Amino acid sequence: MILQIADWIFDVDMATTMAYSAKEAAEHCDCAYCRNFYAAVDDIYPQLRPFLAQFGLDLEAPEELMPFEPTLYLACYAAEGRIVKRGQPLIMVDGVKVMPESAQDAMINSGLHAPYFVLSVGPMTLPWVLNEPMEEVVSPANEP
Numbered sequence: 355m356i357l358q359i360a361d362w363i364f365d366v367d368m369a370t371t372m373a374y375s376a377k378e379a380a381e382h383c384d385c386a387y388c389r390n391f392y393a394a395v396d397d398i399y400p401q402l403r404p405f406l407a408q409f410g411l412d413l414e415a416p417e418e419l420m421p422f423e424p425t426l427y428l429a430c431y432a433a434e435g436r437i438v439k440r441g442q443p444l445i446m447v448d449g450v451k452v453m454p455e456s457a458q459d460a461m462i463n464s465g466l467h468a469p470y471f472v473l474s475v476g477p478m479t480l481p482w483v484l485n486e487p488m489e490e491v492v493s494p495a496n497e498p
């Protein structure tokens, strides 16, 4: 499926991407930082879920979800297909940057077959909404 977002053009294998994304969503990480991301992201970035859905991607199926600080995240989503035409360096969704990159440039390993591309979303600042103190959660975001 050909998809145009701003001045970017993508050729997305929707069926493969949707099946892969659904599988990834069912198996996503259950650490406190990831659970906090999934609990808070729709309230702060309500247009992100529909934006990703255009590519056949589930918001809860990032290829990589990285907390840099307890409430600062970068999420990378992989879609099978290719970037047909590159546009401006980034796309903005709800004030957050979305950077499309080829698989080689993004250096994200995916279970998808080549060609695929990655949408790197962030940085995203989210409130801590879980009923567990973030200071007590062990994660790369707060290890010494």
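In the working numbering, the protein residues as written are 355 to 498. In this text, a Cβ means the ideal position worked out from N, Cα and C, and glycines have one as well. Predicted model, so just to flag it, every value in this text is computed and none were measured.
Pair within 9 Å by beta-carbon distance, GLU417 and ASP367: no
CB of LEU428 within 9 Å of CB of PRO469, strictly: no
Span of the beta strand (DSSP E) around ARG409: For the record, residue 409 in the displayed sequence is Phe; it is not Arg. It is not in any beta strand (DSSP E) - PHE409 carries neither H nor E in the DSSP assignment.
Limits of the beta strand (DSSP E) - the one that VAL452 falls within: 450-456
ILE437 classed as buried or exposed, judged by whether at least 16 other C-beta atoms fall within 10 angstroms: So ILE437 counts as buried.
Which of helix, strand or coil DSSP assigns to ALA433: strand
Cβ-Cβ distance between LEU466 and ALA415 below 9 Å: no
Identity of the residue in ASP396, MET372 and LYS439 nearest PHE409 by Cα: When the alpha-carbon of PHE409 is set against those of ASP396, MET372 and LYS439, the nearest one is in MET372.
CA-to-CA distance, GLY441 to THR425, given in whole angstroms: C-alpha separation (whole angstroms): 30 Å.
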